Amino acid sequence: MPLFDYRCRCGARFEKLMRSWREANPDCPRCGEHSERVPSRVALVGGARPPVGADQAPNSWEGTRRGDREYVAAWRRALDRRSKLEEKYPELATKREAIAAHEGVFEKAPLTYRELAQRATSSGDANSAAAEAGRSRKPTDQVT
Ligand SMILES: [Zn+2]
Numbered sequence: 001m002p003l004f005d006y007r008c009r010c011g012a013r014f015e016k017l018m019r020s021w022r023e024a025n026p027d028c029p030r031c032g033e034h035s036e037r038v039p040s041r042v043a044l045v046g047g048a049r050p051p052v053g054a055d056q057a058p059n060s061w062e063g064t065r066r067g068d069r070e071y072v073a074a075w076r077r078a079l080d081r082r083s084k085l086e087e088k089y090p091e092l093a094t095k096r097e098a099i100a101a102h103e104g105v106f107e108k109a110p111l112t113y114r115e116l117a118q119r120a121t122s123s124g125d126a127n128s129a130a131a132e133a134g135r136s137r138k139p140t141d142q143v144t
C-alpha cells in the first residue's frame, strides 16, 4: 500500500497508508477538515524506490488541485526525475504521458504536465496557463 502525505488548511501535515491514490483524501486528524494530498516525500526524494511515474500522477484538473502551482511543479519535477531514470532503465517506462486535465475542453486534447509547465513558464502561473490552454482548444482548433 502506498504511503501518502496530506496537508490541511490548518497547517497540519500527516501521512496515511491508502489502498490507492484514487481513494478519497482522509479528514485532518487535528481539525477534521478535508485534507489535500501532497506528493510523497519518499516518492519525490527517491531513495530505495524509483520516483513516481506518470501512471501515479493525478490525472484530472481536480486532482491537480485546480492547477495549484506548487503542486503541479512538484509533480513535474518528480516526473522529470522519472523520465531521466527511464532513459537509463527503459523497463520503467510508462506508456502515456502524465495528464493534468482531460475533462471539458481538454477531452479531445488532454492537457499534459509537460504542456502545463511549458505554458506556465511564460505567465508564471499554472491557473492562467491552463486557462490559456483551454482557450486554445476551441472546438475548431482541436486536433483530431
Ligand atoms: Zn486541519
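In terms of UniProt numbering, the sequence shown is numbered consecutively and its last residue is 144.
Here a beta-carbon is modelled for each residue, glycine too, at the ideal position from N, C-alpha and C.
For clarity, every value in this text was computed on a predicted model and none was experimentally measured.
Starting from Tyr6, follow its DSSP beta bridges and name the residues at the other end.
Phe14 and Arg37
Can you name the start and end residues of the beta strand (DSSP E) that Glu101 belongs to?
The displayed chain sequence assigns Ala, not Glu, to residue 101. Ala101 -> beta strand (DSSP E) spans Ile99 to Ala101.
Assuming Arg65 contacts Glu36 (C-beta within less than 8 Å), just tell me the rounded distance between them.
Yes, Arg65 and Glu36 are in contact; Cβ-Cβ is about 6 Å, under 8 Å.
Return the residue from the list Ala12, Thr121 and Gly63 that minimises the CA-CA distance to Glu33.
Glu33 has its Cα closest to that of Ala12, out of Ala12, Thr121 and Gly63.
Over what stretch of residues does the alpha helix (DSSP H) that includes Asp80 continue unbroken?
Arg69 to Lys88
By a C-beta neighbour count over all protein chains shown, 10 Å radius and 16 as the cutoff for buried, is Arg82 buried or exposed?
buried
If we ignore side chains and look at the alpha-carbon of each, how far apart do Cys8 and Leu17 end up?
17 Å
Might you give, ordered along the chain, the residues of its own chain that have their beta carbon closer than 6 Å to the beta carbon of Pro110, omitting 5 neighbours on each side?
Correct list, in chain order: Ile99 and His102.
In angstroms with no decimal places, state the Cα-to-Cα distance between Glu62 and Pro29.
23 Å
Using DSSP with H/G/I as helix, E/B as strand and the rest coil, what is Thr112?
strand
Give me the Cα-Cα distance between Val45 and Asp68, rounded to the nearest whole angstrom.
Its pLDDT being 43, under 50, Val45 is placed unreliably in this model, and the coordinates cannot settle the point.
Does the beta-carbon distance from Glu132 to Arg119 come in below 9 Å?
Result yes, Cβ atoms of Glu132 and Arg119 sit closer than 9 Å.
Quick check on this structure: which residue in Glu86, Phe14, Gly104 and Val105 has the alpha carbon closest to the alpha carbon of Cys31?
Phe14
Whole angstroms are fine: how far does the CA of Lys108 sit from the CA of Tyr6?
Straight-line Cα distance between these residues: approximately 32 Å.
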